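See below for the structure under consideration.
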Amino acid sequence: MPERNQIYTDGACSGNPGPGGWAWITTTGYFASGFAEQTTNQRMEITAAMAAVKDNTGPLEILSDSTYVVHCFRDEWWKGWLKRNWKNSQRKPVANRDLWEPFIEEVLDRDITFTWVKAHAGDYWNEMADQLAVEAGYLQSARSGDQIPKDIASP
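Taken in order, the sequence shown gives residues 15 to 169; the numbers are from the numbering used here.
Encoded structure:
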């Protein structure tokens, strides 16, 4: 069985809604980040995880401090949404459906697990993802690379 690539993801938003950023980073230092001018924290969390899945191959473990993202897949919320025609358990329209639909399609036939990590609890890789997401939102710029940027290398 191939080793699972661990990828930490995070989203950030100033104002909620407001300018936001997202990022993912692997435990080997590969990373990517991006931004949106007017968004919410939840949308940035989803975007970060979706970008990580799209940009990486093989078995993946997505580690996120977003219970929203993790529960969608680990607890299979998405199955209920589909069964109820994109309504949540309170029979209201699922928020962020425009992001969830393509994300769910991307995940369906892949070997991917989702794990929750506590935010701001000293997890090095979660802190790196957070710093990259905050930076992307603040600067409204994206970047990617194969090693942790030196300007954020220590949380």
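Using N, Cα and C, we set each Cβ at its ideal position, and we do this for glycine too.
This one's a predicted model, so the numbers in the text were calculated from it and none came from an experiment.
- request: Could you tell me which residues DSSP puts in a beta bridge with W38?
  value: Secondary-structure assignment with DSSP links W38 through a beta bridge to T23, A46.
query: Just the Cα atoms here: how many angstroms apart are W100 and F87?
result: Cα to Cα, W100 sits roughly 15 Å from F87.
- prompt: Would you call the segment 102–110 and the segment 142–156 touching, i.e. three or more CB-CB distances under 8 Å?
  reply: Contact fails: fewer than three Cβ-Cβ distances are below 8 Å.
field: Euclidean distance between Cα positions of E90 and I60
entry: If you draw a straight line from the Cα of E90 to the Cα of I60, it comes to about 15 Å.
- prompt: Roughly how many angstroms lie between the CA atoms of R18 and T42, to the nearest whole one?
  reply: For R18 and T42, the distance between alpha carbons rounds to 12 Å.
- request: Along the beta strand (DSSP E) that carries W130, what are the first and last residues, could you check?
  value: Bounds of the beta strand (DSSP E) holding W130 are 126–130.
Between the CA atoms of R98 and D165 - distance to the nearest angstrom: Their backbone Cα atoms lie some 46 Å apart in a straight line.
field: D79, buried or exposed, once every other Cβ within 10 Å from all chains shown has been counted against 16
entry: D79 is buried by the Cβ-count criterion.
query: Who pairs with R157 in a beta bridge, going by DSSP?
result: According to DSSP, R157 bridges with S47.
task: Reducing DSSP to helix, strand and coil, say where E75 ends up.
output: Correct three-state label for E75: strand.
field: Three-state secondary structure assigned by DSSP to P107
entry: Note: P107 maps to strand in three-state DSSP.
- prompt: So, helix, strand or coil for I32, using DSSP?
  reply: In the sequence on display, residue 32 carries Gly and not Ile. Here DSSP, grouped into helix, strand and coil, assigns G32 to strand.
field: Whole-number beta carbon distance between V84 and T129, since they are thought to touch under 8 Å
entry: Contact flag correct, Cβ pair sits at about 7 Å.
- prompt: What are the start and end residues of the alpha helix (DSSP H) that includes E59?
  reply: That run of the alpha helix (DSSP H) goes 55–69.
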